[in-house]
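Colleague: Shown below is the structure under consideration.
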Amino acid sequence: MAIEKLHLEDALEDSPQTRSLLSVFEKDAMALKKYTTGLHNCCQRIMKAQNELCAATQSLSQHLRDFEIQKFPLESDDSVLSSTLKQFSSYLDDVSSIQQVLSAQFSETMMYPLSRFLQADLEEVTTLCEMFQLASNEHDSAMSRYMRLPKKKDSERHRQECGEELYLMRKKFHQTSLHYYSSLNALQYKRKCSLLEPIMGYLHAQRAFFQMGQDAVGKKEIEDFLNNISTSVQGVQQEMKTETKKTVELIDTLEQQSAHLYHAEPMVDMPYIPPNTNLTQKAGYLFVRSKQLIATKWERCFFFTVGGNLMSQSRDQLAGSLVLDLNEPGVLAEPHESDDRRFIFQVVSPKTKRNIVLQAENEREKDEWICTLNNIVRESGYVKDKNPQVKPKERTSSTSSASKQGSISPDQSSSSSMTSTGAVPKTPAPTPSSSFVADAPIQFDLLSPNSQNGGVTSSLPGPPKRINPFDQSANEVLDSLDSAIDNATFVESFVVRFLGSMEVPTDRGERLVQETMRQIMAARAIHNVFKMTESRLVVSSECMRLIDPSNNTVRTQFALADISFWAAHPENTRLFAFITRTKPPGATQSTFSCHVFECNISADEICLAIGTATKLAFQALMQRKLPPGVGKEKKVMEKIQHVKTREKNILLQNIQQLEDAPEGEEDNLHNLPLSPDGKYLVLTATDESEDLAESGDLAQPMENLTVQSMQQPISEDLDIEEEPESEA
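For the sequence shown, numbering that gives the first Met the number 0 gives the first residue as 0, with consecutive numbering after it.
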C-alpha cells in the first residue's frame, strides 16, 4: 500500500487543505514520538535487568567461592560441600560471561537504533515544527505590513522595504516548509524501520545467547555433575528424614524418662529413691550464698568436683574456677540452716576459715552432695602419681558424674581436667566433633624429659598427701651440654618464652596449630596465668634444645626426627609452635603434643631455621643410609687430584734443584734420591710418604713411587675407606 505524503508543490501556496493535511501528519508524529518513548523505556528496563542479572550472577559466583575461606567450626578444610560450591561457581562464571555478551548485544542492536531514531529523527521533526510555526508567523506579519501600504507617491521607499521584507519572509517560509514536509514524509518510512530494528536485534541477541548457553552449559560433563549432585541431595534429604524421625522418637523418649525430673521434689505417689552415698564425683546446679555489704545474695552456679577440688562455673564463663581445695585438712560438708531456706548445707575449711553455704534443689540432692564431698576428702582425692579407686556410680535423676577420675564430660564443664604440674585444662570446642582431645590438659610449666613425677608419700599414717593441681612450680633438669651441638653443620640460637603445650590428635596441620595457640592464650587469660619461662632455643642439625640462660643447662631436648610440624601465627608474628611425637614404652600408638612459644623477633625466622635444620638432618640421614660403594667415585677423584697436585709440586722442586746446581758440582747430582736400579728419581721424601701411608691415602709408601709408576693408573694405588652401612 502506498504511503501517504505531503505534496511539496503545495508548500508555497499553503492552502487550507494543505494545512489540514499537515495537521494530520503532525498529530501522527506526536503520537509516534510518545509511543517510541514508551518503547525506549521498555527496552531500557530490559537492558537494566540484564545488567543486574550479570552483576547478580557474578556476585553469586563470588559468594560461592567465599565459602571456602569462611571459618565454620563444624566444617572441615577438605569438605565436599566446599569443593562442590567451587565447581558451581566456575559454571556460574561461564553463564555470567555469556550474559555479559548478551548485554553488549542488547546495547548495540536494540538500544542504539531506538535511541538514534528518538533523539535524531523525532527530535528533528519537533525542531522543524517549531521553525515552521515561526516562519509562518513572520510571513503573515510581513504580508500584513505590505498590504497596508498607502497610495501616496512619497511612500515609495517604504513600499520597497515592505516588498523586500515580504520577499525574504516568503522565501524563508517556503524553504522551512519544504524541509518540514520532507521530514514528515521521511518519518513514515523511518517508522517501519526504526520500530522493527530494536525488536529484531533483541531476538537475534537472545538466539545467540541461547546458542552460546547450549554450547557452554549443555555439556555432558555438566549434565553428569548435576545428576550426581541431585542424587547426593536426595540422599541427604532422605538421611535428614530418617534422622528427623529418630530425633522425634528420642525427644518423646527423653520426655517420658524425664517426667519425674520436672518436679523439684519427688511426688507423693512416686517410689522412694534413696541417695547414693558412694559417689566420688558429682556435678550439678546449686545456689551459693555470698555477702554484699550488710545483705546476702543467692546465685545459681554449676558446681562440679575434679582433681580433689570443688569447682564452680557460671553460664557465661568459658572455664571453671576454684571454690575450695578439698586437699586441705579438716574439710567437712554438713547440713546447715540459713536464711529460712530449705535443703541448705555448708562446706567448712578450718585452715582457710572459709564457710561455703550452698542450697540444693531437694533433700536427696543435698544428701548426695554432702556424701560426695566427704568421700573425696576421706578417700578419692587427687593424689599425685596415684590413681584413686573410683567406686562404681549409679546413674540417678539428680546426678551427672564424670566417667573417670580427674576429668568430666564435655557437656558438664569446659576446662575441667587438670594436672599436678601447674597445668590448667584446655577449653574444649563446643561441638562433639572437636579436633582436640577431650581431657587434654594445658601445661604451663616447662618440664624436662627427666623430671620426676613420682608420687609424694607421707611419713604420717593415712592416705598420701594430695598435691594441689594449681601448683605452678617448674622442675628444672640440670643436664650438661655435649659436643654434638658444637660439631653440627647448622646452629642458630633464639630467645623464646614458653606459653604452654597440650596434647593434639594429629601430627600436623596449620589450622590445628592456630587453634591450639588460641586455646592456650584463652586459658592463660581465663586463669590469670602470667608466668612465662624464658629459655634459649638452640636449633641445630643434630637436635633442638631449650637451655636455661642463667646457668647454661639444658631444660629439655627434642630430636629432629620427633618434630613433625611447625608454623607461625598468621596474625601475631611473635607466636610460633611445633608439634612433637612421642611413643611411651609399651604403647602401640604415638601421642602428639603442640608446644607454643613467644619470641622477640619474627617467628618466621625461627620456623625457617627449624626447616633448614631438619633438611640438613634428613640429607645426612639419607647419606648414611646409602649402600656401600655409592659416593666412592667422588672420593676417589678427590684423592686422585690431591695426589697429582702433590706429585707435581715434588717434581717441580726436583727440577728446580737440578737447574740451580752450581758449576763444577755435577757429582752432587748423584746424591739425589734415586730408585734402587738408579734409573729414576724418587718423587717424595720419606717423612711425607710416612704421613700419607699413615693417613691411608696411599696403599704403598711414596718413596717406592717412581716416575715410571706415574704412567700407571693412580686409582690402583689409592686405598679408599668405605663408610660402614648405617643401621636403619
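Glycine included, each C-beta is placed from N, C-alpha and C at the ideal position.
Would DSSP call ALA401 helix, strand or coil?
Modeller: Residue 401 sits at position 402 when you count from the first residue of the sequence shown. Note that ALA401 scores 32 on pLDDT, short of 50, meaning its location in the model is unreliable; the coordinates nonetheless yield the value given after this. It is coil, neither helix nor strand.
Colleague: Return yes when the Cβ of GLN86 is within less than 8 angstroms of the Cβ of SER224, no when it is not.
Modeller: As a working note, residue 224 is residue 225 in the sequence shown. As a working note, residue 86 is residue 87 in the sequence shown. For clarity, residue 224 is Phe in the given sequence; the question names Ser instead. In contact: PHE224 and GLN86 (Cβ atoms closer than 8 angstroms).
Colleague: What are the boundary residues of the alpha helix (DSSP H) that includes GLU254?
Modeller: For the purposes of this step, residue 254 is taken as residue 255 along the sequence shown, with counting starting at 1. Counting along the chain, the alpha helix (DSSP H) containing GLU254 begins and ends at 219-256.
Colleague: May I have the straight-line CA-CA distance separating GLY162 from LEU194, to the nearest angstrom?
Modeller: The sequence position of residue 162 within the sequence shown is 163, counting from 1. The sequence position of residue 194 within the sequence shown is 195, counting from 1. GLY162 and LEU194: Cα-Cα distance of roughly 47 angstroms.
Colleague: Please report the distance separating the alpha-carbon of THR295 from that of ARG288.
Modeller: As a first step, residue 295 must be located in the sequence shown, where it is residue number 296. As a first step, residue 288 must be located in the sequence shown, where it is residue number 289. Near 7 angstroms, if we compare the C-alpha coordinates of ARG288 and THR295.
Colleague: In this structure, what does DSSP give as the bridge partners for TYR284?
Modeller: As a position in the sequence shown, residue 284 is number 285, starting the count at 1. Paired residue(s): PHE301.
Colleague: Under 7 angstroms Cβ to Cβ from GLU491, same chain only, skipping five residues before and after it: list those, please.
Modeller: Counting from one through the sequence shown, the residue named residue 491 turns up at place 492. Excluding positions up to five away in sequence, the list reads VAL538, ALA608.
Colleague: Which residues share a DSSP beta bridge with VAL595?
Modeller: Counting from one through the sequence shown, the residue named residue 595 turns up at place 596. Bridge partners of VAL595: GLY499, ALA576.
Colleague: Tell me the rounded alpha-carbon separation between ASN534 and GLU362.
Modeller: For the purposes of this step, residue 534 is taken as the residue at position 535 of the sequence shown. For the purposes of this step, residue 362 is taken as the residue at position 363 of the sequence shown. A small correction: the amino acid at residue 534 is Ser; Asn does not occupy that position in the sequence shown. Their Cα atoms are separated by approximately 55 angstroms.
Colleague: Return the residue from the list ILE525, GLU509, SER96 that minimises the CA-CA distance to SER58.
Modeller: Taking the first residue of the sequence shown as 1, we reach residue 58 at position 59. The shortest Cα separation from SER58 among ILE525, GLU509, SER96 belongs to SER96.
Colleague: Using C-beta distances below 8 angstroms, list every residue in its chain close to SER106, excluding the 5 sequence neighbours before and after it, in chain order.
Modeller: Working through the sequence shown from its first residue, we reach residue 106 at position 107. Closer than 8 angstroms at the Cβ level, and outside the excluded window around SER106, lie MET46.
Colleague: With DSSP run on the structure shown, which of helix, strand or coil describes GLY316?
Modeller: Numbered from 1 along the sequence shown, position 317 holds the residue referred to as residue 316. Reading off the sequence shown, one finds Gln at residue 316, where the question assumed Gly. GLN316: coil per DSSP, three-state reduction.
Colleague: Looking only at DSSP bridge pairs, what is TRP565 linked to?
Modeller: Position 566 of the sequence shown, counting from 1, holds the residue named residue 565. Note: TRP565 sits in a beta bridge opposite PHE577.
Colleague: Note the first and the last residue of the continuous alpha helix (DSSP H) segment covering ILE45.
Modeller: Residue 45 sits at position 46 when you count from the first residue of the sequence shown. Counting along the chain, the alpha helix (DSSP H) containing ILE45 begins and ends at 15-64.
Colleague: Compare the Cα-Cα distances from LEU357 to each of TRP368, PHE564, THR555 and report the closest residue.
Modeller: Residue 357 sits at position 358 when you count from the first residue of the sequence shown. Looking at the Cα atoms, TRP368 is the closest of the given residues.
Colleague: Just how far apart, CA to CA, sit ASP92 and MET110?
Modeller: Indexing the sequence shown from 1 puts residue 92 at position 93. Indexing the sequence shown from 1 puts residue 110 at position 111. Each residue's alpha carbon lies about 26 angstroms from the other.
Colleague: In or out: MET266 buried (at least 16 other Cβ within 10 Å) or exposed?
Modeller: Locating residue 266 in the sequence shown gives position 267, counting from the first residue. Classification of MET266: exposed, given that the 10 Å Cβ count is below 16.
Colleague: Am I right that MET520 and ALA439 are in contact with their C-beta atoms under 8 angstroms? What's the rounded C-beta distance?
Modeller: For the purposes of this step, residue 520 is taken as residue 521 along the sequence shown, with counting starting at 1. For the purposes of this step, residue 439 is taken as residue 440 along the sequence shown, with counting starting at 1. Between ALA439 and MET520 the Cβ distance is about 16 angstroms, and since that is not below 8 angstroms, they are no contact.
Colleague: Can you give me the C-alpha to C-alpha distance between GLU238 and SER229, rounded to a whole angstrom?
Modeller: Position 239 of the sequence shown holds residue 238. Position 230 of the sequence shown holds residue 229. Approximately 14 angstroms between the Cα atoms of the pair.
Colleague: Among GLN442, HIS335, GLN104, MET269, which residue has its Cα nearest to the Cα of ALA207?
Modeller: As a first step, residue 207 must be located in the sequence shown, where it is residue number 208. Here the closest residue by C-alpha is GLN104.
Colleague: Would you grab the beta carbon distance between LEU63 and LEU31 for me? Rounded to a whole angstrom, and I think it's under 8 angstroms.
Modeller: Start at 1 with the first residue of the sequence shown, and residue 63 comes out as number 64. Start at 1 with the first residue of the sequence shown, and residue 31 comes out as number 32. Not a contact, Cβ separation roughly 48 angstroms.
Colleague: Skipping 5 residues on each side, what residues in its chain have a beta carbon closer than 6 angstroms to that of ALA134?
Modeller: Along the sequence shown, one-based indexing puts residue 134 at 135. Answer for ALA134: LYS171, PHE172, THR175, listed in chain order.
Colleague: Among LEU7, GLY307, GLY37, whose alpha-carbon lies nearest the alpha-carbon of ARG377?
Modeller: For the purposes of this step, residue 377 is identified with residue 378 of the sequence shown, where counting begins at 1. Among LEU7, GLY307, GLY37, the Cα nearest to that of ARG377 belongs to GLY307.
Colleague: When burial is assigned at 16 or more other CB atoms within 10 Å of the CB, is ASN326 buried or exposed?
Modeller: Within the sequence shown, residue 326 is the residue found at index 327, counting from 1. ASN326 is buried by the Cβ-count criterion.
Colleague: Give the DSSP-derived three-state secondary structure of PHE493 in the structure shown.
Modeller: The residue given as residue 493 occupies position 494 in the sequence shown. Strand.
Colleague: Drop a sphere of 10 angstroms on the beta-carbon of ASP338, count the other beta-carbons inside from all chains shown, and report buried for 16 or more, exposed for fewer.
Modeller: For this step, residue 338 is matched to residue 339 along the sequence shown. Flag for ASP338 reads exposed.
Colleague: With C-beta atoms as the reference, is SER348 less than 8 angstroms away from LEU372?
Modeller: As a first step, residue 348 is located in the sequence shown; it is residue number 349 there, counting from the start. As a first step, residue 372 is located in the sequence shown; it is residue number 373 there, counting from the start. Not in contact: SER348 and LEU372 (Cβ atoms no closer than 8 angstroms).
Colleague: My assumption, with CB atoms under 8 angstroms, is that LEU559 sits in contact with ALA612. Please give the rounded CB distance.
Modeller: As a working note, residue 559 is residue 560 in the sequence shown. As a working note, residue 612 is residue 613 in the sequence shown. Confirmed, Cβ separation roughly 6 angstroms.
Colleague: Going by DSSP, what residues sit across from SER534 in a beta bridge?
Modeller: For this step, residue 534 is matched to residue 535 along the sequence shown. DSSP output for SER534 lists VAL495 as bridge partner(s).
Colleague: Taking the Cβ atom as the reference point for each residue, do ILE578 and CYS593 lie within a distance shorter than 8 angstroms?
Modeller: Translated into the one-based positions of the sequence shown, residue 578 becomes position 579. Translated into the one-based positions of the sequence shown, residue 593 becomes position 594. Contact: yes.
Colleague: What residues in its chain sit with their C-beta under 7 angstroms from that of CYS53, if we drop five residues either side in the sequence?
Modeller: Mapped onto the sequence shown, residue 53 falls at position 54. Closer than 7 angstroms at the Cβ level, and outside the excluded window around CYS53, lie SER95, GLN98, GLN99, SER102.
Colleague: Taking the DSSP output, what are the residues bridged to GLN291?
Modeller: Numbered from 1 along the sequence shown, position 292 holds the residue referred to as residue 291. Its beta-bridge partners are ALA294.
Colleague: Going by other Cβ atoms of all chains shown within 10 Å of its Cβ, with 16 needed for buried, is SER526 buried or exposed?
Modeller: Position 527 of the sequence shown, counting from 1, holds the residue named residue 526. Ser is not the amino acid found at residue 526; the sequence shown has His there. With 16 or more Cβ atoms within 10 Å of its Cβ, HIS526 is classed as buried.
Colleague: Quick check on LEU323: does DSSP put it in helix, strand or coil?
Modeller: Sequence index remark: in the sequence shown, residue 323 carries index 324 (1-based). The answer is strand: DSSP assigns LEU323 an E or B state.
Colleague: Contact check, LEU121 vs HIS39 under 8 angstroms by CB: the rounded distance?
Modeller: Taking the sequence shown and counting its residues from 1, the one referred to as residue 121 is at position 122. Taking the sequence shown and counting its residues from 1, the one referred to as residue 39 is at position 40. Between HIS39 and LEU121 the Cβ distance is about 10 angstroms, and since that is not below 8 angstroms, they are no contact.
Colleague: Run the CB neighbour count on ARG18, radius 10 Å, all protein chains shown included, and call it buried at 16 or more, exposed below.
Modeller: As a working note, residue 18 is residue 19 in the sequence shown. Exposed is the call here.
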